Structure formats: structure tokens, C-alpha cells
Amino acid sequence: MVFRLAITYLKNLQNAEDVTQDVFIKLYQNDKEFQSKEHEKAWLIRVTVNASKDVLKSAWMKKTVPIVGDIVFKEKEDSDLYHAIHRLKPKYRTAIHLYYYEDYSVKEIAEIIEVTETAVQTRLHRARKQLKNILEQDYCMYSNNKEEDRYYETGI
């Protein structure tokens, strides 16, 4: 869960691995008693989001150039939807990830990312709308290319 959230946020395998390691080091060093598994999970998510934001804000990150093919996708992640989600802004990506991939409720997400429930609902709504547009554009481009290919094949 920590790694998936970090990679969703950062879109970089090495940085996500570093954040994951840092989060678990903090967990180990913190030696904190959690009230429940849900409380521990919420703490891990909050620390992961904060650590990811720190990486994105770092001076080093601003000077790096992404390497093509940086993320190695798993089968279920190697889909049009997964790629479309990664094209969203981090605040929308995080809301979508927590809601659909981690099965958190709107109320729980609001507590985790420290915004109102209305803000979470708005982010989810906007993210869905953007995903729809992204996927429609991608599909249209794919459809148009297929149509052009058909004309070339028939000699028209």
C-alpha cells in the first residue's frame, strides 16, 4: 500500500522505493502504539503523502529529468486507465487512489489528507471528469489512426 501510493504520487520507481523505505524507518523509529489497524494504516498513508510531497518539493527533484520508461508496470497497472490516472494532478491522483485502490470512504480520505469531505467529493468528481476526457481523447486518437490505416490498406 505504501509503495503503491508513493509511486502513484511520484511516478518514479526509485523515488517511490526511497519514500517507502523512509516511511517504514519512521514507523520503526516512532515505536508508536496504534489504537487499531485502521489507525496505523491512516498514519502510514499520511506519512507517505507527506514524504512524497517533500520529494516533489526538493531542489534535487526540480533539477532532474525523467527517464522514459521509468515506471515498470504490473499487468493490472499496464492499462489505459492506470496511465490516465498518472496524468492527473497529484491531489486528484491521491483521492482516486485512496478511494478506488485502497477502498477508503470519503470521510476517511478527508481525515487522512486533512481536507473537508466536500473537498474530497469535489476532487473525486473533477478527477473522474478529467479521466473521462483523457480516455476519450486517447480513444479518438486511436480510432483516427485505425481509420487512416484502413484507407492506406485499401488504397483509398
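Numbering-wise (the working numbering), the sequence shown opens with residue 42 and increments by one.
Glycine included, each C-beta is placed from N, C-alpha and C at the ideal position.
A quick note: this is a predicted structure, and the numbers were derived from the prediction, not measured.
- Sequence-distant Cβ neighbours of residue 139 in its own chain, meaning closer than 6 Å and more than five residues away, are 145, 150.
- For the 8 Å CB-CB criterion, residue 135 and residue 50 form a contact.
- Our two residues, residue 53 and residue 90, have alpha carbons roughly 14 Å apart in a direct line.
- Taking each of 99, 72, 60, 97 in turn and checking the Cα distance to residue 88, the smallest one comes out for 60.
- Using a Cβ distance threshold of 8 Å, residue 83 and residue 153 count as a contacting pair.
- When only Cα atoms are considered, residue 47 and residue 160 end up about 21 Å apart.
- Where residue 46 is concerned, the enclosing alpha helix (DSSP H) starts and stops at 43-51.
- Per the coordinates, the alpha-carbon of residue 181 lies some 15 Å from the alpha-carbon of residue 171.
- The continuous alpha helix (DSSP H) containing residue 93 extends over residues 78-98.
- Nearest to residue 179 by alpha-carbon distance, out of 56, 168, 68, 128, is 128.
- Residue range 54-71 is occupied by the alpha helix (DSSP H) that includes residue 65.
- Residue 66 sits exposed, since fewer than 16 C-beta atoms from the chains shown fall within 10 Å of its C-beta.
- Of the residues assessed, residue 141 falls on the exposed side of the cut-off, its CB having fewer than 16 other CB atoms within 10 angstroms.
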